[in-house]
Amino acid sequence: MSHCSITQPQLAKINETAVCAHQPWLLAKPVGGLLWLGPIFEPEDTGYWD
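Dropping the structure here:
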């Protein structure tokens, strides 16, 4: 089984970049036996990655 991982600091950096650019971003894992899709984080409209 293949395992793809992204760490908490990496997600925090992605969120910081998106917030500064006022761009929404989507948390997704399109590999493996189970698809992860969402949530969508929209700066100033929804919650933030913490």
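In terms of the numbering used here, the sequence shown opens at residue 25 and continues consecutively. Each residue gets a CB set at the ideal place from its N, CA and C atoms; glycine is no exception.
Residues in its own chain within less than 6 Å of valine 77 by CB, not counting five upstream and five downstream?
Lying outside 25 to 74, the shown extent of the chain, residue 77 is not represented and no answer is given.
State the DSSP-derived secondary structure class of proline 33, mapped to helix, strand or coil.
Proline 33 falls in the helix class under three-state DSSP.
To which residues of the same chain is tryptophan 49 closer than 8 Å at the C-beta, ignoring the five residues directly before and after it?
Same-chain partners within the cutoff: Ile38, Asn39, Ala42, Ile64 and Phe65.
In whole angstroms, give me the CA-to-CA distance for glutamine 32 and leucine 61.
The alpha-carbon atoms of glutamine 32 and leucine 61 are separated by roughly 17 Å.
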